[in-house]
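Engineer: I have a structure here, written as structure tokens, and I will follow up with some questions on it.
There are 2 protein chains.
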Amino acid sequence: MKLLKNKISEKLIINKYLKKLNFKNKGTFDFENDGAYLDLKNKHYKLTVTTDSISEDMDFFSNDDPKSIAQKITTVNLSDIFSMGALPHSYLLNLYLPNYINEKWLKSFSNQLIKIQHKYGFYLLGGDLSKSNKLIVSSTFFGSIKKKIEIFQNKFNLNDDIILTGNIGESKIGLEILNKKITSNTNLNQYFIKKYLYPTPCKLGPSIASYVNSMKDISDGLIGDLTNMLNGKYGALINVNKIPLTFKTKKILNFKNNFGIENLLNAGDDYELIIISSQKNRNKILSIANKNNVKITLIGKIISEKGIHFDSHLDMKNFKKFDHFS
Amino acid sequence: MKLLKNKISEKLIINKYLKKLNFKNKGTFDFENDGAYLDLKNKHYKLTVTTDSISEDMDFFSNDDPKSIAQKITTVNLSDIFSMGALPHSYLLNLYLPNYINEKWLKSFSNQLIKIQHKYGFYLLGGDLSKSNKLIVSSTFFGSIKKKIEIFQNKFNLNDDIILTGNIGESKIGLEILNKKITSNTNLNQYFIKKYLYPTPCKLGPSIASYVNSMKDISDGLIGDLTNMLNGKYGALINVNKIPLTFKTKKILNFKNNFGIENLLNAGDDYELIIISSQKNRNKILSIANKNNVKITLIGKIISEKGIHFDSHLDMKNFKKFDHFS
């Protein structure tokens, strides 16, 4: 663990707020070394590695609750780990701290990290602290996965199923409520804002890893991430009626004239999975999802015509006028 | 590899400047996935992990040559990897890019990275791109080391040798020349500034890993890093005459009245190794260093009296008045 240069409290930050996050793993040297050892022990496993950063004024607001920031930086990374079919193992934390960060902030931030670490089973391996004029939280996550499993994001065949976990759009609606672009009643506001501030990853990936052709989490909206997966090679035919939305989301879409489903498909940190898999594995995947209590929806299939197509020949701008979503 | 949100050139940055850095390693998925696989294959090896960041106006100047920035971010991390006794394997790059970063900058930066990767033998595993108002370059490095080897930074015994590789102070003098706190002749200026802008790591660590008790690279000056190693447990007795300085450094110390050796001991990115080892391994370590063409100097020993002590009972402020360094 590296120290903040010229800042008195660097040792304090590490000793009082970060050291407890190593869960006493020996390879971390209690953060007294410049590096750490990472050993999976089981020789049939390999590591998956992913890294992501969130920044003040871009991915969160300056005065957001530190708990929300801890939730976001772990979810964005855990979501990648799970979507690669792996289980979380450990992580590094790079903190760029402005002067306004105080002990209260650090306490709340680190306590939320501990909760999440316990929930998903991983520990802090090390990191580095820097001074900054804006708050940036960056993290590198390590997952473990059997050596023989390899999850691609853009390898699949014609007529493969396109499947979604969970529901989409709720985080985006929360952000728009905070941005005052949508207004609703207090209860709904609180519900959606919480979805935006405290996103959670979908854990299904590792259980279905052997049965999918490709898998990716949604961090840039369904259309953005599906487009990345298609990679200009094939196309997708989406059944508009099947796009999974909660009853609360449909309420918002039905009553707000300036906000349609196109807004939910084009952006948003859903952290649900897009699964592309062979039709012959459909029942297996559905049954594993059911067993894990994860909602799963077949929304379309891979076609030869490039791009994303909708079964009803709908204009994106008109989506919200249709009450397909019941 | 993650994309810069809302910036047109994100795919271009990856495809034109970063993709070539993966040296076609399969686990990187050509940076088209959100993560990468990392597998050491040899079951007798484990990973070492270290992470470090450098920021505009703190660790480099805004208009520094991108080659220098590439050199610094790799050296600071490679130095940690080598000092843990490991060989570099791969790395992640987190780039926080302000608007002024253009293709010329990216070309120069990535070309320097390729050179360094070839020199030390490692490849780019993945990373993430973000927008920022200041340039920050962060990197996580992976090294490989035999499972049974473990290098501590603060485990040693009374009377152990304290050994330094190379010479210290040159990078710090370069910085002070750039800061206009030291002036010298043009040739010397250029020499020292180059030492500051293009630091290189000491590669000796892996060869001597089995013979040391503790090892650490100098990134905060000899006194700062040795103090960290001592960790309030033992003390160090340093032979002032033995502190390794180049002839050029002695020239600066002899002719400048406002700059003494204390400035060289208290700060500076030397990236040389502090080795603490049993006297019985002294000859072995010296002979390995000789074989590897690395200058090595026994500068002191571990004593029971806490703190760092100098054999000549010299006041730090008076160091420069003594011509011990010939």
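Order-wise, the sequence lines are chains A and B.
977 is the number of the first residue of the first sequence in our numbering; add one for each residue after it.
977 is the number of the first residue of the second sequence in our numbering; add one for each residue after it.
Built from N, CA and C at the ideal position, the CB exists for glycine as well.
From a predicted model like this one, the values you see are computed outputs, not experimental measurements.
Which residues in chain A have a C-beta closer than 8 Å to the C-beta of L1023 (chain B)? List them in chain order.
Structural biologist: What L1023 (chain B) touches in chain A: Y1013, L1014, D1015, L1023.
Engineer: Find the residues of chain A that neighbour I1112 (chain B), judging by a C-beta separation of less than 8 Å, and give them in chain order.
Structural biologist: By Cβ distance, chain A contributes Y1072, S1106, S1108, I1112.
Engineer: Any residues in the stretch 1147 to 1174 of chain A with a beta carbon nearer than 8 Å to a beta carbon of chain B? Which ones, in chain order?
Structural biologist: The residues in question: there are none.
Engineer: Tell me where the beta strand (DSSP E) around Y1021 (chain A) begins and ends.
Structural biologist: That run of the beta strand (DSSP E) goes 1021 to 1031.
Engineer: Q1129 (chain A) versus chain B: which residues are under 9 Å apart at the beta carbon?
Structural biologist: Those within 9 Å of Q1129 (chain A) in chain B are F1005, E1008, N1009, D1010.
Engineer: Taking G1103 (chain A) as the query, report the chain B residues whose CB atoms sit under 8 Å from its CB, ordered along the chain.
Structural biologist: Going along chain B in sequence order, the residues near G1103 (chain A) (Cβ under 8 Å) are T1027.
Engineer: Return the CA-CA distance between N1294 (chain B) and G1283 (chain B), expressed in angstroms with no decimal places.
Structural biologist: Note on N1294 (chain B): pLDDT 43, under 50, position unreliable in the model; the coordinate value appears next. About 19 Å.
Engineer: In three-state terms, what does DSSP make of G1197 (chain A)?
Structural biologist: Coil at G1197 (chain A), not helix or strand.
Engineer: Can you tell me whether DSSP reads G1103 (chain A) as helix, strand or coil?
Structural biologist: Residue state, collapsed to three classes: strand.
Engineer: Under three-state DSSP, which class holds F1235 (chain B)?
Structural biologist: Three-state result, F1235 (chain B): coil.
Engineer: Name the one or two DSSP bridge partners that V1113 (chain A) has.
Structural biologist: According to DSSP, which records beta bridges pairwise, V1113 (chain A) is partnered with A:I1030, A:L1071.
Engineer: Counting along the chain, where does the beta strand (DSSP E) carrying Y1013 (chain B) start and finish?
Structural biologist: Per DSSP, Y1013 (chain B) belongs to the beta strand (DSSP E) from 1012 to 1014.
Engineer: Answer with buried or exposed for G1097 (chain A), where buried requires no fewer than 16 other C-beta atoms within 10 angstroms of its C-beta.
Structural biologist: Under this definition G1097 (chain A) is an exposed residue.
Engineer: Quick check on K1192 (chain A) - is its C-beta less than 8 Å from some C-beta in chain B?
Structural biologist: It does; some Cβ of chain B falls within 8 Å.
Engineer: With 8 Å as the threshold, decide whether the Cβ of L1180 (chain A) is near any Cβ in chain B.
Structural biologist: Closer than 8 Å: no.
Engineer: Verify the CB distance criterion: does K936 (chain B) have a CB-CB separation below 8 Å to chain A?
Structural biologist: No information on residue 936 (chain B) is available, as it lies outside the stretch 977 to 1302 that chain B covers here.
Engineer: Between the Cα of S1195 (chain A) and those of A:H1285, A:D1056, A:Y1076, spot the shortest distance and give me the residue it belongs to.
Structural biologist: Comparing Cα positions, the closest option is A:D1056.
Engineer: If you count every other CB in all the chains shown that lies within 10 Å of the CB of D1287 (chain A), and 16 or more means buried, which is it?
Structural biologist: Exposed, since its Cβ has fewer than 16 Cβ neighbours within 10 Å.
Engineer: Under the DSSP definition of a beta bridge, which residues are partnered with P1064 (chain B)?
Structural biologist: BP columns for P1064 (chain B) point to B:G1119.
Engineer: Would you say S1120 (chain A) lies against chain B (beta-carbon separation less than 8 Å)?
Structural biologist: No, S1120 (chain A) lies away from the interface with chain B (no Cβ there is under 8 Å from its Cβ).
Engineer: Can you name, in chain order, every residue of its own chain whose Cβ lies under 7 Å from the Cβ of K1148 (chain A), other than the five neighbours on each side?
Structural biologist: N1239, L1240, A1243, G1244.
Engineer: Let's test the definition: count the other Cβ atoms within 10 Å of the Cβ of I984 (chain B) and tell me whether it reaches 16, buried, or not, exposed.
Structural biologist: Confidence at I984 (chain B) is low in this model, with a pLDDT of 44, below 50, so the placement of that residue should be treated as unreliable; the coordinate-derived value is given next. Result: exposed.
Engineer: Against chain B, does I1049 (chain A) count as a neighbour if the rule is that its beta carbon must be under 8 Å from one of theirs?
Structural biologist: By this cut-off, I1049 (chain A) is not an interface position.
Engineer: Buried or exposed, going by whether 16 or more other CB atoms sit within 10 Å of the CB of Q1255 (chain A)?
Structural biologist: Classification for Q1255 (chain A): exposed.
Engineer: In chain order, what residues of the same chain lie with their CB nearer than 7 Å to the CB of N991 (chain B), ignoring the 5 residues before and after it?
Structural biologist: Contacts found: none.
Engineer: Can you tell me which residues form a DSSP beta bridge with L1274 (chain A)?
Structural biologist: Its beta-bridge partners are A:I1139.
Engineer: Provide the residue(s) that pair with M1191 (chain A) in DSSP beta bridges, ordered along the chain.
Structural biologist: Its beta-bridge partners are A:I1251.
Engineer: Per the contact definition of three or more C-beta pairs closer than 8 Å, is the stretch 1121 to 1135 of chain B in contact with the stretch 1196 to 1215 of chain B?
Structural biologist: Result yes; three or more Cβ-Cβ pairs closer than 8 Å.
Engineer: Roughly how many whole angstroms lie between the Cα atoms of I1043 (chain B) and F1085 (chain B)?
Structural biologist: The residue you asked about is not Ile; residue 1043 (chain B) is Lys in the sequence shown. Cα to Cα, the separation comes out at about 5 Å.
Engineer: If I'm right that L1221 (chain A) touches I1138 (chain A) with Cβ under 8 Å, what's the distance once you round it to whole angstroms?
Structural biologist: L1221 (chain A) to I1138 (chain A), Cβ: 16 Å. No contact.
Engineer: Could you tell me which chain A residues have their CB closer than 9 Å to the CB of K1019 (chain B), listed as they occur along the chain?
Structural biologist: In chain order: K1019.
Engineer: Which of helix, strand or coil does DSSP assign to I974 (chain A)?
Structural biologist: This structure does not reach residue 974 (chain A), given that chain A is present from 977 up to 1302, and the question cannot be answered.
Engineer: Can you say whether N1166 (chain B) is buried or exposed, counting buried as having 16 or more other CB atoms within 10 angstroms of its CB?
Structural biologist: A small fix is needed here, since residue 1166 (chain B) is Gln in this sequence, not Asn. Q1166 (chain B) is exposed by the Cβ-count criterion.
Engineer: Using 10 angstroms around the beta-carbon of F1231 (chain B), count the other beta-carbons present and answer buried if the total reaches 16, otherwise exposed.
Structural biologist: That one is exposed.
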